[in-house]
Amino acid sequence: MSRKKKSRKNRPERKPEKNKNTKNIIIAIAVMLAVAAVVVALQLKKTSDSVSAVDDNSLRGGETGPPLSPAQFSDPFIAGAYQIAQDIPQVLDSLKCYCFCDSEPFNHKSLLSCYVGTHAAG
1 MSRKKKSRKN RPERKPEKNK NTKNIIIAIA VMLAVAAVVV ALQLKKTSDS
51 VSAVDDNSLR GGETGPPLSP AQFSDPFIAG AYQIAQDIPQ VLDSLKCYCF
101 CDSEPFNHKS LLSCYVGTHA AG
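Numbering (this note's numbering), first residue to last: 1 to 122.
See the structure below:
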């Protein structure tokens, strides 16, 4: 027994390095999170400052015709698309159509123009 006691007394006391490293890692993570929060807050402020009220009429493509009735189409997918056009024509009229139908021979004004005729039915 004396041997164990003697060896313990002669050993230098070690302080665990693990706790010191863990503390440094936690501090580093906290600093990074704080910096990220500040950057996000500044970006949100910048975005909200640049948003202004927009006149709804300026978003309209100018299509004046109503969309065709979905009842005219037997394909449920196509009928569903025409139903959406009937439900929210102002939204579709504010969107550009990307099927290149805004030039000859169609001259569409907006996405709504595709649903005024059978163009959207394929």
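Glycine included, every Cβ here is placed at the ideal spot set by N, Cα and C.
- Annotated as distal: residue 67 and residue 95, with beta-carbon spacing of 9 Å or more.
- Rounded to the nearest whole angstrom, the C-alpha separation of residue 40 and residue 32 is 12 Å.
- For residue 99, the number of other beta carbons within 10 angstroms of its own is below 16, and it is reported as exposed.
- Per DSSP, the unbroken alpha helix (DSSP H) holding residue 80 starts and ends at 76–87.
- Residue state for residue 92 is assigned as helix, using DSSP reduced to three classes.
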